[in-house]
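Inspection log for the structure reproduced underneath, given as structure tokens.
There are 2 protein chains.
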Amino acid sequence: MTAGRSDQSTGFPPVIENAAAKGRAVIVCEHASNHIPSAWGDLGLTDAQRHAHIAWDPGALGLARGLARHLDAVLIHAPVSRLVYDCNRAPDMAGAMPARSEIHDIPGNAALSPEDRAARTAAVYLPFHDGLHAVLMGRIALGLHPALITIHSFTPVYFGQPRAVEFGVIHDADDRLPRAILAEAHARTALRAELNEPYSAKDDVTHTLRLHATPYGLPNAMLEVRNDLIATPEAEAAMAATLAPVLAAAMATLTPEPA
Amino acid sequence: MTAGRSDQSTGFPPVIENAAAKGRAVIVCEHASNHIPSAWGDLGLTDAQRHAHIAWDPGALGLARGLARHLDAVLIHAPVSRLVYDCNRAPDMAGAMPARSEIHDIPGNAALSPEDRAARTAAVYLPFHDGLHAVLMGRIALGLHPALITIHSFTPVYFGQPRAVEFGVIHDADDRLPRAILAEAHARTALRAELNEPYSAKDDVTHTLRLHATPYGLPNAMLEVRNDLIATPEAEAAMAATLAPVLAAAMATLTPEPA
């Protein structure tokens with residue numbers, strides 16, 4: 001399989017919106033898109049599979065855009081489906097180019113050679129993280145104090161099991177911002193909000209936080225919203241209006257200089 | 001001060017040698033060069049200062065090249081003086097563009113604006129780390145198991161105090177490889193070798209390790225050699241011949257898959 005080779009020279013850098021935003025939050029959406037570039041065909045998937053949660057986080061980009069607007073935040077999102085390369089996974093993790101996702105086989109990922117993996121890493125993973133790194137370092141060099149917040153959505157039914165949690169707040173090594181967000185969510189919203197649900201750092205879902213926030217001591221959090229709550233543009237906007245004050249209040253509890 | 005602007009579009013990517021090397025070690029030398037690109041003039045320094053340890057790690061590049069040859073390792077080194085930008089420091093650390101180093105004022109760094117700091121970060125820091133990241137991720141994606149080893153030298157007299165240690169092995173969060181290197185150094189050489197001397201992670205000298213090794217679980221170590229022991233090409237070669245078996249033996253104690 002030589003797919004991806006033709007894209008390698010330029011690759012797929014992230015989309016950056018509101019680059020000049022003045023707010024503290026840097027909002028990231030690794031699973032914003034279900035786009036499969038032509039070099040990778042359709043990965044052997046049906047149209048329904050290519051629109052399902054396995055290919056992207058439905059609603060996450062709309063929610064992230066609404067939050068970026070409310071919070072005057074820069075937004076960085078990936079332009080390629082997580083099934084080509086999941087930018088929230090390191091290149092040696094099975095989930096980076098998964099051969100199976102939930103109950104679905106991904107035929108186009110079934111027999112990847114090491115060279116295929118390296119080509120996708122070069123075409124998708126590296127440009128995404130180089131772009132995010134540049135945004136964060138530019139802000140740090142200017143004396144700003146960015147807080148990294150990643151926006152995800154999760155399916156209401158997973159492996160046949162319904163999920164009751166509506167808003168998950170996930171932390172890695174530094175739990176300051178996540179605990180503040182959870183407290184504000186409980187105080188300000190009616191959402192069923194829980195810490196480290198439906199995933200936690202033990203599930204290897206905090207790669208972006210570990211790569212970009214931890215080495216610099218930046219406050220950081222991963223947010224998960226159940227996707228049936230952000231299934232239309234109106235619902236995305238309503239959730240953004242609900243969560244923006246939660247995030248603003250939580251960030252206000254942080255000292256300007258991260259400890 | 002507008003220095004650096006003209007270089008920003010391309011910046012100063014690292015020099016990569018032995019890119020196709022098959023050995024496990026990825027050798028990094030952040031302080032390989034005392035070169036000050038013309039955009040930054042002479043930073044107000046004398047010729048003697050520009051050749052002193054404050055501008056670079058004398059002998060480190062020669063040692064690193066010798067180690068890379070012995071170990072069949074890829075070598076990545078920075079082409080710009082640490083006084084323009086110290087690639088082993090985050091952009092918000094004072095030492096990234098120091099106004100003072102040991103007993104020397106750096107006039108060209110005395111009154112940097114936030115924009116100056118951002119320009120140097122974009123021109124030197126980002127290309128260096130993007131380049132190193134690409135080397136490491138390519139190797140990880142290919143199923144190799146890189147070990148990150150950074151090579152430094154230190155001055156025998158610092159703030160007027162002589163230093164007895166000859167070979168320092170510094171660890172960050174993961175001390176497996178450093179402790180193995182120290183044990184092999186004691187067993188195989190007559191060097192006065194010590195752990196976390198003359199610096200330790202508390203001195204914020206392990207930025208490269210935190211940025212590139214920790215998030216991926218890669219074994220890693222920072223090595224410091226007293227620069228009077230590598231003051232000539234012959235001495236660099238001799239030290240490389242002494243330390244290469246130490247590093248090879250230490251890497252052999254690691255499991256292939258980092259824990």
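Protein sequence lines, in the order shown, are assigned to chains P and L.
The letter at position 34 of the first sequence is residue 34 when you use full-length UniProt numbering, and the numbering goes up by one with no holes.
The letter at position 238 of the second sequence is residue 238 when you use full-length UniProt numbering, and the numbering goes up by one with no holes.
Here a beta-carbon is modelled for each residue, glycine too, at the ideal position from N, C-alpha and C.
- Query: Secondary structure at E30(L), three-state DSSP: helix, strand or coil?
  - Reply: To locate residue 30(L), count along the second sequence from 1; it is residue 30. Three-state DSSP puts E30(L) in coil, outside helix and strand.
- Under 8 Å, do T155(P) and H53(P) count as touching if we go by C-beta distance? Mapped onto the first sequence, residue 155(P) falls at position 155. Mapped onto the first sequence, residue 53(P) falls at position 53. Yes, these two residues count as a Cβ contact at 8 Å.
- Message: Can you check whether the C-beta of G138(P) is within less than 8 Å of a C-beta belonging to chain L?
- Response: Here residue 138(P) corresponds to residue number 138 of the first sequence, with the count starting at 1. Yes, contact with chain L.
- At which residues does the beta strand (DSSP E) containing V15(P) begin and terminate? Within the first sequence, residue 15(P) is the residue found at index 15, counting from 1. Residues 15-17.
- Kindly say whether T232(P), judged by its beta-carbon, lies nearer than 8 Å to any beta-carbon of chain L. Here residue 232(P) refers to the residue found at position 232 when the first sequence is read from its first residue. Cβ-Cβ to chain L under 8 Å: no for T232(P).
- Task: Inspect the beta-carbon positions of A73(L) and A21(L) and report whether they are closer than 8 Å.
- Result: For this step, residue 73(L) is matched to residue 73 along the second sequence. For this step, residue 21(L) is matched to residue 21 along the second sequence. Yes; because the gap between Cβ atoms is below 8 Å, this pair is in contact.
- Between which two residues does the beta strand (DSSP E) containing A183(P) stretch? As a working note, residue 183(P) is residue 183 in the first sequence. That residue, A183(P), is in no beta strand (DSSP E); its alpha helix (DSSP H) goes 176-188.
- Message: By the DSSP assignment, the beta strand (DSSP E) with E224(L) in it spans what residues?
- Response: Taking the second sequence and counting its residues from 1, the one referred to as residue 224(L) is at position 224. Taken as a continuous stretch (DSSP letters only), the beta strand (DSSP E) holding E224(L) covers 220-226.
- Item | Partner residues on chain B for R210(L), Cβ-Cβ distance less than 7 Å | In the displayed structure, chain B is absent; the protein chains listed are P and L.
- Message: Helix, strand or coil for D7(L)? Go by DSSP, reduced to three states.
- Response: The residue labelled residue 7(L) in the question sits at position 7 within the second sequence. With a pLDDT of 38 at D7(L), under the threshold of 50, the modelled position of that residue is not reliable, and no figure is offered here.
- Item | Any C-beta of chain L under 8 Å from that of R5(P) | Numbered from its first residue, the first sequence carries residue 5(P) at position 5. With a pLDDT of only 37 at R5(P), under the threshold of 50, the placement of this residue in the model should not be trusted, and no figure is reported.
- Query: For D92(P) and chain L, any beta-carbon pair shorter than 8 Å?
  - Reply: Taking the first residue of the first sequence as position 1, residue 92(P) is located at position 92. Chain L, which has a Cβ nearer than 8 Å to the Cβ of D92(P), makes this yes.
- Query: Using CA coordinates, which residue listed in T121(P), P146(P), L61(P) is at the minimum distance from A141(L)?
  - Reply: For this step, residue 141(L) is matched to residue 141 along the second sequence. Cα-wise, what sits closest to A141(L) is T121(P).
- Should G131(L) be labelled buried (16 or more other beta-carbon atoms within 10 Å of its own) or exposed? In the second sequence, residue 131(L) corresponds to position 131, counting from 1. Buried: at least 16 other Cβ atoms inside 10 Å.
- Which residue from R179(P), A185(P), S200(P), W56(P) puts its Cα closest to that of P245(P)? The residue given as residue 245(P) occupies position 245 in the first sequence. Distance from the Cα of P245(P) is smallest, within the candidate group R179(P), A185(P), S200(P), W56(P), for A185(P).
- Item | Contacts around E194(L), its chain only, beta-carbon distance under 7 Å, and the 5 residues preceding and following it disregarded | Reading the second sequence from its first residue, position 194 is the one you call residue 194(L). If we look at E194(L) and ignore the five residues flanking it on each side, its Cβ neighbours are V165, G168.
- Message: Against chain P, does T2(L) count as a neighbour if the rule is that its beta carbon must be under 8 Å from one of theirs?
- Response: Translated into positions along the second sequence, residue 2(L) becomes position 2. Because T2(L) sits at a pLDDT of 35, beneath the cut-off of 50, its placement in the model cannot be relied upon, and the following sentence gives the value as read from the coordinates. Output row for T2(L): interface = no.
- Compare the C-alpha of D175(P) against each of G66(P), A213(P), A190(P), N109(P) and name the closest. Looking up residue 175(P) in the first sequence gives position 175. Among G66(P), A213(P), A190(P), N109(P), the Cα nearest to that of D175(P) belongs to A213(P).
- List, in order along the chain, the chain L residues whose C-beta lies closer than 9 Å to that of H171(P)? The sequence position of residue 171(P) within the first sequence is 171, counting from 1. Within chain L, no residue comes near H171(P); the closest Cβ sits about 16 Å away, beyond 9 Å.
- A55(P) - DSSP class collapsed to helix/strand/coil: Here residue 55(P) refers to the residue found at position 55 of the first sequence. In this structure, A55(P) counts as coil in the three-state DSSP scheme.
- Query: Where does P127(P) sit, in a helix, a strand or coil, going by DSSP?
  - Reply: As a position in the first sequence, residue 127(P) is number 127, starting the count at 1. P127(P) falls in the helix class under three-state DSSP.
- Tell me, please, whether the CB atom of L83(P) is closer than 8 Å to any CB atom in chain L? Walking along the first sequence from the start, residue 83(P) turns up at place 83. Not an interface residue.
- Message: Check this for me: beta carbons of I250(P) and L177(P), under 8 Å apart or not?
- Response: Counted from its first residue, the first sequence places residue 250(P) at position 250. Counted from its first residue, the first sequence places residue 177(P) at position 177. The sequence given here has Ala at residue 250(P), not Ile. For A250(P) and L177(P), yes; Cβs fall inside 8 Å.
- Hey, how far is the Cα of D86(L) from the Cα of R82(P)? Here residue 86(L) corresponds to residue number 86 of the second sequence, with the count starting at 1. Here residue 82(P) corresponds to residue number 82 of the first sequence, with the count starting at 1. Taking the straight line joining both Cα atoms gives about 35 Å.
- Taking only runs that begin and end inside the segment 48-98 of chain L, name each unbroken alpha helix (DSSP H) of 4 or more residues, in chain order. Fully enclosed alpha helix (DSSP H) runs of 4 or longer: 60-71.
- Query: Excluding the five sequence neighbours on either side, which residues of its own chain have a C-beta within less than 7 Å of the C-beta of L243(L), listed in chain order?
  - Reply: Sequence index remark: in the second sequence, residue 243(L) carries index 243 (1-based). If we look at L243(L) and ignore the five residues flanking it on each side, its Cβ neighbours are L67.
- Item | 4 or more residues per run - each alpha helix (DSSP H) lying fully within the segment 114-160 of chain L | 114-120, 126-141
- Cutoff 8 Å: A141(L) Cβ touching any chain P Cβ: Position 141 of the second sequence, counted from the first residue, corresponds to residue 141(L). Yes, its Cβ sits closer than 8 Å to a Cβ of chain P.
- Query: Alpha carbon to alpha carbon, what distance is there between S101(L) and A252(L)?
  - Reply: Here residue 252(L) refers to the residue found at position 252 of the second sequence. Here residue 101(L) refers to the residue found at position 101 of the second sequence. If I take the Cα positions, the gap works out to 38 Å.
- Closest by C-alpha distance to E234(L), when choosing among S38(L), L63(L), E17(L): Reading the second sequence from its first residue, position 234 is the one you call residue 234(L). When only C-alpha atoms are compared, the closest one is L63(L).
- Message: Among R226(P), A241(P), N34(P), whose alpha-carbon lies nearest the alpha-carbon of A78(P)?
- Response: Mapped onto the first sequence, residue 78(P) falls at position 78. Residue N34(P) is the option with its Cα nearest to A78(P).
- Report the rounded CA-to-CA distance for P127(L) versus I16(L), giving the unit in angstroms. As a position in the second sequence, residue 127(L) is number 127, starting the count at 1. As a position in the second sequence, residue 16(L) is number 16, starting the count at 1. Taking the straight line from one Cα to the other gives about 12 Å.
- Rounded to whole angstroms, what's the CA-CA distance from R139(L) to G160(L)? Just pull it up for me. Position 139 of the second sequence, counted from the start, is the residue given in the question as residue 139(L). Position 160 of the second sequence, counted from the start, is the residue given in the question as residue 160(L). Computed Cα separation, rounded: 43 Å.
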